[in-house]
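K.L.:
Protein chains in written order, with this note's numbering: chain A, 79 to 519; chain B, 6 to 331.
1. Output needed in chain order: residues of the stretch 88 to 111 of chain B with a Cβ under 7 Å from some Cβ in chain A.
2. What does the Cβ neighbour count give for residue 154/A, buried or exposed, with the cut at 16 atoms within 10 Å?
3. Could you compute how far the alpha carbon of residue 250/A sits from the alpha carbon of residue 144/B?
4. Helix, strand or coil for residue 366/A per DSSP?
5. What residues of chain A sit near residue 306/B, judged by a beta carbon separation below 9 Å?
6. Give every residue of the same chain whose Cβ lies closer than 8 Å to the Cβ of residue 249/B, excluding the five residues on either side of it in the sequence, and list them in chain order.
7. At a Cβ threshold of 8 Å, is residue 300/B touching chain A?
8. Under a CB-based cut-off of 8 Å, is residue 310/B close to chain A?
9. Per DSSP, what are the beta-bridge partners of residue 9/B in this structure?
10. Which residues in the same chain have their Cβ closer than 8 Å to the Cβ of residue 10/B, if we skip the five residues on either side of it in sequence?
11. What's the call for residue 346/A, buried or exposed, on a 16-neighbour Cβ count within 10 Å?
12. What residues in its chain sit with their C-beta under 8 Å from that of residue 23/B, if we drop five residues either side in the sequence?
13. Please report whether the beta-carbon of residue 417/A lies at a distance below 8 Å from any beta-carbon of chain B.
14. What does the alpha-carbon distance come out to for the pair residue 134/B and residue 66/B?
15. CB-CB under 7 Å to residue 302/A, same chain, minus the five flanking residues each way: which ones, in chain order?
16. Given 8 Å as the limit, is there contact between the stretch 136 to 153 of chain A and the stretch 174 to 181 of chain A, that is, 3 or more CB pairs closer than that?
17. What residues from chain B crowd round residue 491/A, counting only those whose CB sits closer than 8 Å?
18. Tell me where the beta strand (DSSP E) around residue 199/A begins and ends.
19. As an exercise, report each continuous beta strand (DSSP E) stretch of at least 3 residues that is fully enclosed by the stretch 343 to 404 of chain A, in chain order.
20. Give me the Cβ distance between residue 430/A and residue 296/A, rounded to the nearest whole Å; I'm assuming they're in contact under 8 Å.
21. Kindly say whether residue 246/A, judged by its beta-carbon, lies nearer than 8 Å to any beta-carbon of chain B.
22. Compare the C-alpha of residue 435/A against each of 373/A, 327/A, 291/A and name the closest.
23. Thinking C-beta only, is residue 241/B closer than 8 Å to residue 29/B?
24. For residue 100/B and residue 454/A, I'd like the C-alpha separation in whole angstroms.
25. Output, in chain order, the set of chain B residues within a Cβ distance shorter than 8 Å of residue 325/A.
26. Can you confirm whether the stretch 35 to 51 of chain B touches the stretch 252 to 267 of chain B when touching is taken to mean that 3 or more C-beta pairs between the two stretches lie within less than 8 Å?
27. Have a look at the DSSP bridge pairing and note the partners of residue 153/B.
28. Determine contact between the stretch 481 to 491 of chain A and the stretch 455 to 468 of chain A, defined as no fewer than three beta-carbon pairs at a distance below 8 Å.
29. Classify residue 511/A as helix, strand or coil using the three-state DSSP reduction.
30. Give the residues of chain A in contact with residue 317/B, contact being defined as C-beta atoms less than 8 Å apart.
31. Counting only Cβ-Cβ distances shorter than 8 Å, please list the residues of the stretch 263 to 292 of chain B near chain A, keeping chain order.
32. Using beta carbons (cut-off 8 Å, strictly below), is residue 498/A in contact with chain B?
33. Select from the stretch 388 to 414 of chain A all residues with a C-beta closer than 8 Å to any C-beta belonging to chain B, and list them in chain order.
34. By the 10 Å Cβ neighbour count, where 16 or more other Cβ atoms means buried, how is residue 284/A classified, buried or exposed?
35. Excluding sequence positions up to five away, which residues of its chain have a Cβ less than 7 Å from the Cβ of residue 303/B?
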């Protein structure tokens, strides 16, 4: 059962480093012959085994030297013609496996972006007595795909994310424009869409088909917007509560809502159906059909919304109120009614964004909306507070920026990058791209 | 249900470092919002910088505890300066959005694995209190009475925290009675009027931002003295909790932040003991103990809403001196 060449070479095996790949194979044979001269502590008969494969793009690499260190002493081994290697060790304990990169062919290296020293791995021989160590070998320094291909992939992902963000951000911006509320609970309205969808279509609960369940989740989100306006925001408007107070009320609402979600769905992450749909390749860009549907749906809804805002009576009234609320009221617009419609639209759009975000992340979590709330604020501020189209442009910029910046900065800092941009924008153009100077006070 | 244990735990939280830390942070926020009218939504960032400044300079550079604490406070002052330059000329809600974003950036910087060597990333930092504990003059043992039985180390943290709090309260109280404080309140009420009197409103607001930021950082340090500094603590929820404590006590008062933090933590501790006990006793049959634990955070949110709508001046505040003028 042992492999053809379990090589246990003697410590002065550094000579091998100077010998080419072909000669190394020969040397391996010689080493087998001189096996008995090897270090005594780790012997053929040891009960436990560490083994592995060294391959490049599916082709085995022969004559690659590995050093295994741990209880029983240091052992060296080279891969056979199938790229395999294995050693026997005396104890179930921790071992360090080091791949000698100088024995790899020219221009080839061990790649693992997660690891500073990818050619060195710590393994533990566990209860089973055997453990496998595989090294990922790639060409060049680190990247397997070219920077340009990665850029394209991230650009498309960023557009998808930006469109989704835009759906949520236009609602936030409309609410701000018409009522003056910086609505910190908007993130929770996004979460609501996802949680409602999960409730409607998940196998564990109602298990409705997607084509009924997901639109119904959006409708429920719009109803949430209506309910919040009826029981909370309208009474506060009547009471003439100041905008700062309204902002803090929205913070309280945000806290209460997110912990209500946690109350019902717990702290874990759940998935919607088809969330792990297979990826299709379009050149260098990989998308699942859910991604494609998400992009198309976002574009359709945003175009429809833009037409509504530009040409319909209600849309015009909304813009008039954003522009100058007292003047709009004086010219016969029912401000209260329009604001209610705005809350409903904002709720519905946020809910849709929530469903799409649940697929994008992927997963539904109680604080998922709070995670993107600041990106929405960044988008709205970037575009200009209170302007719906500014929010759209801002969202696309923020979405692409977040994804593409991952090429240069660590992935767990990509949201921070967008927020830094937000702060810098305020330094130079506080009114945003489409905003006007007078708003910033 | 063990009532004695529940009440004992609740009363014990009066002196907990968390309460003292919240009180200091809320006092800083009172300087920002209550007196200067600055909507700082990034108080968690200031607390994080204080705590991490202390922890990193202790662990990575081996500073003694007093120097490490000064580093934490200084870092927070610099953070306030950086934050103030672009935002203090803007309207209130812009400041709110920028400060909350900046606090999140700070948290993400402490969370990322890129600086794992110094920040410990998601695990955070611990074991940085060694030098502080070595300076403890109290001999080993357990002291106190009733619910307030603590070890020498626990007393040392509490005494230093209370001394810091007392000094901070005294400083803020004297400052707010001084001409400087009157100008600050004037800026809160009507910035243009103060400017018309020839005062440099920007400079005053910046000074208030730095002072409040340093107080918040001190709060963050006290809060971190008996636990680990972990990025999971300094989330936006922490900011909102400190706001709740502040608004509960009264934003434009010196003792309001203290009272608010006290009530906040005693109630939190009480509910975190009481609600699961209710579930265990079968009084709340429709929820689990974990859900009962979540319930108190829902109540915080509801309480914050009700407070702002019906009692914006807080318990100790003066209804005539409303702080929500803009």
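Every residue, glycine too, gets a C-beta built ideally from N, C-alpha and C.
P.N.:
Based on what the coordinates show:
1. 91, 92, 95, 96, 97, 98, 99, 101, 102, 103, 105, 106, 107, 109, 110
2. buried
3. 58 Å
4. strand
5. 329, 330, 331, 332, 333, 334, 335, 336, 337, 338
6. 265, 269, 305, 308, 309, 312
7. yes
8. yes
9. Note: residue 9/B sits in no beta bridge, so no partner.
10. 278
11. exposed
12. 228, 270
13. no
14. 14 Å
15. 267, 270, 425
16. yes
17. 113, 114, 117, 119
18. 198 to 202
19. 357 to 360, 363 to 366
20. 5 Å
21. no
22. 373/A
23. no
24. 16 Å
25. 44, 98, 101
26. yes
27. 150/B
28. no
29. coil
30. 323
31. 292
32. yes
33. none
34. exposed
35. none
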